[in-house]
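Enquirer: Sending over a structure as structure tokens; questions will come in a sec.
Residue numbers (our numbering): 1332 to 1436.
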């Protein structure tokens, strides 16, 4: 079990207030706002932490460049994927890859 899986398992058993606090701590480290793919629409909607929360809701239509591998959150949680804003959260991408046996580029 890797760091991401251990963290998700621990969060599953936390009270909601602790989960909210943990997510806010991750948002404080998040660098999504500095990404070339990030848009003004996403900024205005206060969308961040796509790796945990999931892809953008209608604000990010195209992938330009990904800075996810350089993000402190990605490093702390040992995330394996990228382009979370368009492809979905780490959990969703891992599930998809396990079902289809493929890896998105």
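All C-beta atoms, glycine included, are put in the ideal place defined by N, C-alpha and C.
Note that the structure is predicted; figures quoted are calculated from it, not measured.
In terms of residue numbering, what span does the alpha helix (DSSP H) encompassing residue 1366 cover?
Expert: Residue 1366: not part of any alpha helix (DSSP H); DSSP gives it neither H nor E.
Enquirer: Using the C-alpha atoms, what's the distance from residue 1352 back to residue 1410?
Expert: 20 Å
Enquirer: Kindly list the residues whose CB is nearer than 6 Å to the CB of residue 1350, restricted to its own chain and excluding five residues on each side of it in sequence; keep chain order.
Expert: 1342
Enquirer: Report the rounded CA-to-CA distance for residue 1367 versus residue 1379, giving the unit in angstroms.
Expert: Straight-line Cα distance between these residues: approximately 14 Å.
Enquirer: Sorted by chain position, which residues of the same chain lie with C-beta nearer than 7 Å to residue 1382's C-beta, five sequence neighbours on each side aside?
Expert: 1399, 1404, 1405, 1410, 1415, 1420, 1421
Enquirer: Do residue 1313 and residue 1384 have their CB atoms nearer than 7 Å?
Expert: No information on residue 1313 is available, as it lies outside the stretch 1332 to 1436 that the chain covers here.
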